[in-house]
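Protein chains in written order, with the numbering used here: chain G, 18 to 338; chain B, 1078 to 1450; chain E, 1078 to 1450; chain F, 267 to 806.
Structure record follows, encoded as structure tokens.
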Amino acid sequence: TSNETPAASTQTKAAGGSEGNNAPGKKVVIGFSAPAADHGWMGAIHANAKAQAAAYSDVEFKEVDGGSNSEAQRSTLGTLIAQKPDIIVVLPHDGKEVNAVALQAMQAGIPIVNLDRAFPDALASRLVIKGDNYGMGVSAGHFIGKMLKDKGIANPVIGEIAGLEIPLTVERSEGFKAALATYGFSVRNRRSAEFTSDSGQREASQLLQALPKIDAVWNHDDDQGIGVLAAIKQANRSEFFMVGGAGSKLAIDAIKADNTVLKATVTYNPSMASSAISLARLIAQGRGMGDLTELQVPKEVTLASETITKENASSYDKLGF
Amino acid sequence: MSDATPTPTATPERPQLPAQSPPVDPAETAVASDKATSGRLSWWRGDGGDGAKRNLGLIGVLVALIVVGAITKPDLYGDPNWVWNNVLAILQLASVVGVVTVGMTFVIIGGGIDLSVGAIVALAGVWCTTVATQNFGAGGMIFTALVVGICVGLVNGVLISYGRLVPFIATLAMLVAARGLAASISNKQTQVSSSTFINDIAARKVIGIPILVYILGAVVLAGWVLLNRTTFGRRTIAVGGNPEAARLAGINVRRHTMFLYALSGLCCGIAAIMLTSQATSAQAAMANLYELDAIAAAIIGGTLLSGGRGTIVGSLLGVIIFATITNLFAINGLSIEAQNMVKGGIIVAAVLIQQFQYKSVTRLLARNRVTTA
Amino acid sequence: MSDATPTPTATPERPQLPAQSPPVDPAETAVASDKATSGRLSWWRGDGGDGAKRNLGLIGVLVALIVVGAITKPDLYGDPNWVWNNVLAILQLASVVGVVTVGMTFVIIGGGIDLSVGAIVALAGVWCTTVATQNFGAGGMIFTALVVGICVGLVNGVLISYGRLVPFIATLAMLVAARGLAASISNKQTQVSSSTFINDIAARKVIGIPILVYILGAVVLAGWVLLNRTTFGRRTIAVGGNPEAARLAGINVRRHTMFLYALSGLCCGIAAIMLTSQATSAQAAMANLYELDAIAAAIIGGTLLSGGRGTIVGSLLGVIIFATITNLFAINGLSIEAQNMVKGGIIVAAVLIQQFQYKSVTRLLARNRVTTA
Amino acid sequence: MALPEDDPATASAEAVAAATASAEAPLVEAPADTVAGEVVLRLTDLVKTFPGVRALDGVQLEVRAGEVHCLLGQNGAGKSTLIKVLAGVHQPDSGQVEWRGEPATFANPQAAMKAGIATIYQELDLVEDLSVAENAFLGHEYRNFGFVQRGRMARHTRQILGRLGHAEIPPGRMVRSLPAAGKQIVSMARALSHEARLIIMDEPSAVLAHDEVGNLFRIIRELTAQGIAVIYISHRLEEIREIGDRVTVLKDGRTTAANLPARDTPTRDLVSRMTGRTIEYVFPDRPTDDTAGDDLLQVEGLTRTGEFADVSLNVRAGEIVGIAGLVGSGRSELLETIYGARLPDAGQVRMNGKALRPGVGSAVRAGMGMAPEERKSQALLLGEPIYRNVTLATFGRYARLGFTDAAKERAEADRIAETLELRPRDVDRPVRTLSGGNQQKVVVGRWLLGGTKLLLLDEPTRGVDVGARAELYQVIRSLAAQGVGVLLVSSEVPEVLGLADRVLVMREGRVVREAAAGELDENTVLDLVMAGSLMEGAPA
Ligand SMILES: Nc1ncnc2c1ncn2[C@@H]1O[C@H](COP(=O)(O)OP(=O)(O)OP(=O)(O)O)[C@@H](O)[C@H]1O
Ligand SMILES: Nc1ncnc2c1ncn2[C@@H]1O[C@H](COP(=O)(O)OP(=O)(O)OP(=O)(O)O)[C@@H](O)[C@H]1O
Ligand SMILES: [Mg+2]
Ligand SMILES: [Mg+2]
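Quick look at the structure:
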């Protein structure tokens, strides 16, 4: 999240790893479909995928617009399948809604790499690589729970600013709730923003109004967090601390600087798009992962959700988007 | 002044009125006035083929879009097999919105607007894929979707016609409420349909044509007959075009308005089944912004937003035009931002082409009429 | 001229009339009824008394909402300090949409509709926060936002008035195109505003009241004066109420229509600065669905969707009502689905309350009037 | 809405034959006492109030079968309200309605129609995008399981239209494409499509020209011959004398005279009962010597294909020029083209010697003003107050730096309201609530505010009552005396002849005769407009 060009902020794996995974292989066409980028995280997904593909001389990258809903994505995926690429990387609007099309592609012999939001049907993808939404909520819950316990607050007021109410947001909230429950805490007020900074500001300002005194806030998304922080500043509030989500460059910088209420953020890194392209290339070329013994790429990769704090922030610099 | 005959000053002799001058045979008068008026006057200019002419314009737009497609992707368009498949893909893409648009067209012609269509589709879809409903099998699911659609539509109708709410506000409120209810029923989860019958609707073809396209065809045909051949349809035009006149003519405007929203709800119910079948699942956020798509398609198709005029065929063409634009972008692999910028331009261009065509056709016909007269 | 010719002469002897009531001098009756009506009506003179009465209804709705808030959260409402802050929070929440709604009200009264307002806000916001623009400082940013707003509005206006596109379609196309352009300019990134001047607009208060609220107040006041006290406003009402009559009265309907959309664009430019300041950033997806919010607020406020009637105060009240509903949900911590379900119901209830109040006020006045007559 | 078992088409065909026969018989003066049919309708003490107005304040009315019962009254007297109560559109506040001997209430238009009351409303009540046949049968279509029987409806419509003397109107044509007169005929066809016992006609002749009025009267005679009662409303006394049997006069919502014989009651009586005073219904005197100034308006070879061709005329300052012609002779189009509201195909319009740029704006700036023909669609903002309608074209004149001056506008509008006897006089009332005639006064009044050099008036007295009409003539003449040029279009030949200094006769889009008003009489003009024999030899 910045005004810089995305090329400067994409995350690619440096060429020249072990076992020559980066050595050029047979030419492959990788199709790519993800929801239209309308906020920072999704923008980074698109940019990362494109940049990682460009890093390989043997990859032709064919991106189709994933549109603004499942229906549009199904239709454009259909046209992509008709063009018969070697492999397709799909980040669906909703795995369940795009499942049928993915299955169709697999049956037509085109492997599918399922990015982030999983298809319910195991036959619908060759590889699933995803973040851990539930785990993200858990990480945030534990960080907040521990901080408050340490401060000795018995009955804390905890606020939550969720993202757009889609299944992944619900998962995050469930993880958050479960982790807090282990400390005997619960969420007092939860508002849903839309992953955009203006909606973040709007919902945060209302949350602050509803809770005259707060101890901690979890905001699901650092991009909407720009607005959330703005609202907090506008309301002149500082009696609480906040945890972010996803891990944007701005958030990491703010954590390092330690001059706002933002004390930590839990990652959900769009670098998974780069990894998905890399792995898709290997699958299409019939190669395995360099560091693993297996001859083929594994079937499922789930990214861990890490917690970035002031202490470890500097090591996450290159992952911030 | 003198011979100007200031009439009402009680004159003994009756004023000269033309009617009393030589009593004429009515047939003769008809002929005479025929000459006097329609001879040159072409009193009865225009033939109501208005809609039909407009549709010619829309077909022109469609042809233009296909030409653009063929120019940008000559390789694909060179393959007749691909072209046929692409036509089917476009029709399939148009099918769900198309069904919704038929209902919307009735509502708009009837002087209203229905912003809740997308929400009704979502609610009906979610309701018919709950575990409890799925236990009743495909029949139960279809029944549920249709009943939910009709009932929500009826609530809209009652609020608008008997509660006297502005349609925009009433259906906006319904939009919000129905999406909320759908989210609460589905617990914000995506509900997978396990009925093969339902899922097959979108997956199967009959004689090479997808079942969804047949459904669209059937709904369009039914809509056309309803609008053009039944008292319900003709009264819809009256209710939308001149509600006062409709009321004076003894039409129960309120009841009729209520039925229009129920009809729209029914179409949403049908669309919900189709969409659920396509996605093999349903969720509260589905059919997002269908209201905009349907309204835009109807208006592009020549339906007046103020009511009283519109055609089903025009609406269908509108939907197909939008689907063709989407398809065009997909086969050209445009990025979404480029796509959006171009799309705005295409919509404007489409309407301008259509207007231009419409005008020239009208002018041509008018000229012919005058010269032959 | 009365004595130029002897036309209406009163006869001394009155004819025998079968009327039951004693004959009255016509002049007397006229004078009497004149006094009876206009005396009372003068109350509401100036801004179409209808609107004023309707606004009473809206205030009633607002009071009802506050009462509900106080009942559900007595602890919070017990603290006057909090209540005052909450009023400010509601006004701040309403401020951006409020400014957009003022422009929208003009467009709708003028017989059009502007679906592109949200997109224009986003485009103006994104354009004014590009690195290149930010280099010119706050002045350059503000200038850019306003110019972008006006220009996009002018394009809308030209398409509609000279290109003869239906407003719904033209502004829908602009919605799509402007969002696309915004995405392309911002490269789909959130652009952070580094101007303290801009960011302070939302953060600062003057005499305890946020600057944003002053801006809203200024725009509403300007809008009110423009609509009710200037020839521009009168032309707007004429153009929307009966375009043909306006044209035949010598008003340049097309040019005026164009100006209306430019005005709406200007309001969007102002709103863009306000929203950018609130979020200290801008992005292509911001101001999502503001078009719906603004249209709904205007209509709730009594603006006729078919044009020719509406008030700025009503629109402002409409926006505040919606903001109060949001605030009510927030302080009660409702889940989004419950919130949506209740919101639909509240909107319906609000309109019904308003109608009821409006009717009873009207009836009361009418009764008084008749009895004095 | 049950349909009669047997096809009414055949039934009424016989009726037509019978009626035509009686119509062809030499016209009998039907004296009032020959109306011996039973009383079909009796209203006692009917009261109806609108917010702020007591529109009906104790009306008595008695209508017999087979009679033409005329309603007379000034604009706003309550005539339209009364018939709307009868038609089930409004519910009376109190009073009794007795229909065919039994007390009745008509809860909605449907109920009234079912009872056998059909109505032709003052304001056209057609659906533009339905066909002629569909409009005629709106609400009681021939149908079969919900499907419209289009053939049957078309046939019956064609027959009714034939009966109305307009067999040339195709039943399938969209009403939108018909001129105003054609629409009026469709309205009548609708009333005739019902099996009615009572047909109410609210100023049906207002948009009809003379030949059409003759047609209308022939139909009315057919109807009454079948024992059908007709309530007839008109401001043209000569019509009432010709077609009416008995007259009821309303004033300020009350019956001031009932059951007067239509033919024998002296005009003086009728007028004084309507207005409470006597009005000499005469046209103001023309100035004796030629006071007209220089050419104000010059029109040369103006042509719009299909509407009018090669029209040349001029209007001098202080002169009233009248245009006579049949409905559909292209006069409205001519006026609108002069005014810049339509683009000419050929020809030129000059004001004060300067050619006008196209567009209404430049015409208005040059000092033209036009009162258009259709008040509702072309002239009024129905929801806006009267004063704002009166100043619609001139509010800019009272404005300073773009800020309007409401007080001044009201004062000006008040003045107009007084001059034209607007009732109610309150200029803050929405125009929507005015009676038809009063709305017309607002339209004309708009251009009487001063600053207008040339006034184009299209049917300015349509629906205006006798008293106000005299006032209006007076105002127009005094404007001319102040140097304003007036171009007047009217379908009432006496009006054109009486008011204008000079008269142009138009037929089929061409000027066929131009002469000083004094040189023409009504018969000559009527012959001219109807393509009579006088054509030859008459200088064009
Ligand atoms: N809506 C319309 N569609 C087609 N033709 C029309 C329409 N209105 C008028 N015309 C035609 O224009 C010509 C002039 O008609 P119009 O009735 O305006 O004449 P007019 O002399 O002004 O009569 P009147 O004084 O009764 O209005 C006629 O040929 C008529 O058929
Ligand atoms: N809907 C309404 N609301 C308020 N006042 C009304 C309404 N309709 C009619 N009126 C008033 O009722 C009175 C009677 O009107 P009506 O239309 O019956 O007059 P009329 O006799 O038909 O006049 P005209 O000859 O001008 O047609 C008028 O003062 C009019 O302003
Ligand atoms: Mg009347
Ligand atoms: Mg005319």
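For every residue, glycine included, the Cβ atom is placed at its ideal position computed from N, Cα and C.
Here the structure is a predicted model, which is why all the values come from computation and not from measurement.
Next on the checklist: Please state whether the Cβ-Cβ distance between K345 (chain F) and L352 (chain F) is less than 8 Å.
Outcome noted: no
Checklist entry - CB of D731 (chain F) to nearest heavy atom of ligand 2: below 7 Å? => result yes
Checklist entry - Nearest CA to the CA of G1300 (chain B): which residue from B:G1422, B:I1148, B:C1344, B:P1244? => result B:C1344
Checklist entry - If you measure beta-carbon to beta-carbon, which residues of the segment 1363 to 1395 of chain B are closer than 8 Å to chain F? => result G1385, R1386
Next on the checklist: What would DSSP say about E80 (chain G), mapped onto helix, strand or coil?
Outcome noted: strand
Checklist entry - Is any heavy atom in ligand 2 found nearer than 7 Å to the beta carbon of T833 (chain F)? => result Since the first residue shown for chain F is 267 and the last is 806, residue 833 (chain F) is missing from the structure and cannot be characterised.
Checklist entry - What distance in whole Å lies between the Cβ atoms of I652 (chain F) and R695 (chain F), which are believed to be in contact at a cut-off of 8 Å? => result The pair is a contact, with the Cβ atoms about 6 Å apart (cut-off 8 Å).
Item to check | Identity of the residue in G:N276, G:K266, G:V46, G:I231 nearest S332 (chain G) by Cα | outcome: From the listed residues G:N276, G:K266, G:V46, G:I231, the smallest Cα separation to S332 (chain G) is found for G:K266.
Checklist entry - Quick one: is R189 (chain G) near chain E, going by C-beta distance under 8 Å? => result no
Next on the checklist: Is the separation between the beta-carbon of V741 (chain F) and that of G703 (chain F) shorter than 8 Å?
Outcome noted: no
Checklist entry - Of all the alpha helix (DSSP H) runs that stay within the bounds of the segment 1268 to 1325 of chain B, which reach a length of 4 or more residues? => result 1273 to 1280, 1288 to 1306, 1308 to 1318, 1320 to 1325
Checklist entry - According to DSSP, is D334 (chain G) helix, strand or coil? => result helix
Item to check | Any non-hydrogen atom of ligand 3 within 7 Å of S346 (chain F) CB | outcome: yes
Item to check | Separation of D1191 (chain E) from V1203 (chain E), as counted between CA atoms | outcome: Taking the straight line joining both Cα atoms gives about 20 Å.
Checklist entry - Cβ-heavy atom distance between Q388 (chain F) and ligand 5 below 7 Å? => result You won't find ligand 5 in this model; what it holds is ligand 1, ligand 2, ligand 3 and ligand 4.
Next on the checklist: Quick check on L175 (chain G): does DSSP put it in helix, strand or coil?
Outcome noted: Here residue 175 (chain G) is Ile; the residue named in the question, Leu, does not match the sequence. In this structure, I175 (chain G) counts as strand in the three-state DSSP scheme.
Checklist entry - Cα-Cα, which of B:C1205, B:V1243, B:Y1154, B:L1304 is closest to S1358 (chain B)? => result Selected option, being the one with the closest Cα: B:C1205.
Checklist entry - Given a limit of 9 Å on CB to CB distance, which residues of the segment 1248 to 1266 of chain B reach chain G? => result A1260, N1264, K1265, Q1266
Checklist entry - T1207 (chain E) and Q1268 (chain E) look like a contact to me (Cβ under 8 Å); what is the Cβ gap, rounded to whole Å? => result 7 Å
Item to check | I183 (chain G): contacting residues in chain B (beta-carbon distance under 8 Å) | outcome: K1265, A1362
Next on the checklist: Let me check understanding here. Comparing Cα to Cα, which of G:F338, G:S322, G:K335 lies closest to M153 (chain G)?
Outcome noted: G:S322
Item to check | Whole-Å CB distance - R1312 (chain B) paired with A1322 (chain B), under 8 Å assumed | outcome: Your pair R1312 (chain B) and A1322 (chain B) does not check out as a contact, with CB atoms roughly 11 Å apart and the cut at 8 Å.
Checklist entry - Shortest alpha-carbon distance to S1392 (chain E) belongs to which of E:D1370, E:F1406, E:A1407, E:T1403? => result E:D1370
Item to check | Span of the beta strand (DSSP E), counted from its first residue to its last, around N525 (chain F) | outcome: 520 to 527
Next on the checklist: Strictly below 9 Å CB to CB, what residues from chain B border F1245 (chain E)?
Outcome noted: I1372, A1373, I1376, L1382
Item to check | Nonlocal neighbours in the same chain, by C-beta distance under 7 Å from G591 (chain F), ignoring five residues either side | outcome: Taking C-beta separations shorter than 7 Å and ignoring five residues to either side along the sequence, the partners of G591 (chain F) in its chain run R597, V771, M772, R773, V795, following chain order.
Next on the checklist: I'd like the list of long-range same chain contacts for L293 (chain F), defined as Cβ closer than 7 Å, with 5 residues on each side in sequence excluded.
Outcome noted: A caution first: L293 (chain F) carries a pLDDT of 28, below 50, which makes its placement in the model unreliable, though a value can still be read off. In its chain, beyond the 5 residues on either side, no residue has a beta carbon closer than 7 Å to the beta carbon of L293 (chain F).
Next on the checklist: Does the beta-carbon of D391 (chain F), which I'm using as the reference point, lie nearer than 7 Å to any heavy atom of ligand 3?
Outcome noted: no
Next on the checklist: What residue range does the beta strand (DSSP E) around T326 (chain G) cover?
Outcome noted: 324 to 326
Checklist entry - Does N1163 (chain E) come within less than 8 Å of chain G when only Cβ atoms are used? => result yes
Checklist entry - Rounded to a whole number of angstroms, what is the C-alpha to C-alpha distance between D1124 (chain B) and R418 (chain F)? => result Because the pLDDT of D1124 (chain B) is 39, which lies under 50, any placement of that residue in the model is unreliable, and the number read from its coordinates should be weighed accordingly. In a straight line, the C-alpha of D1124 (chain B) is about 20 Å away from that of R418 (chain F).
Checklist entry - Taking a cut of 9 Å between CB atoms, which residues from the segment 1146 to 1175 of chain E lie near chain G? => result K1150, L1153, D1156, W1159, N1162, N1163, A1166, I1167, Q1169, L1170, V1173
Item to check | Between the CA atoms of I1275 (chain E) and T1380 (chain E) - distance to the nearest angstrom | outcome: Distance between the alpha carbons of T1380 (chain E) and I1275 (chain E): 33 Å.
Item to check | G519 (chain F): CB within 7 Å of a non-hydrogen atom of ligand 3 | outcome: no
Next on the checklist: Pull the bridge partners of K517 (chain F) from the DSSP assignment, please.
Outcome noted: F:R520
Item to check | Collapsed DSSP secondary structure at E678 (chain F) in the structure displayed | outcome: helix
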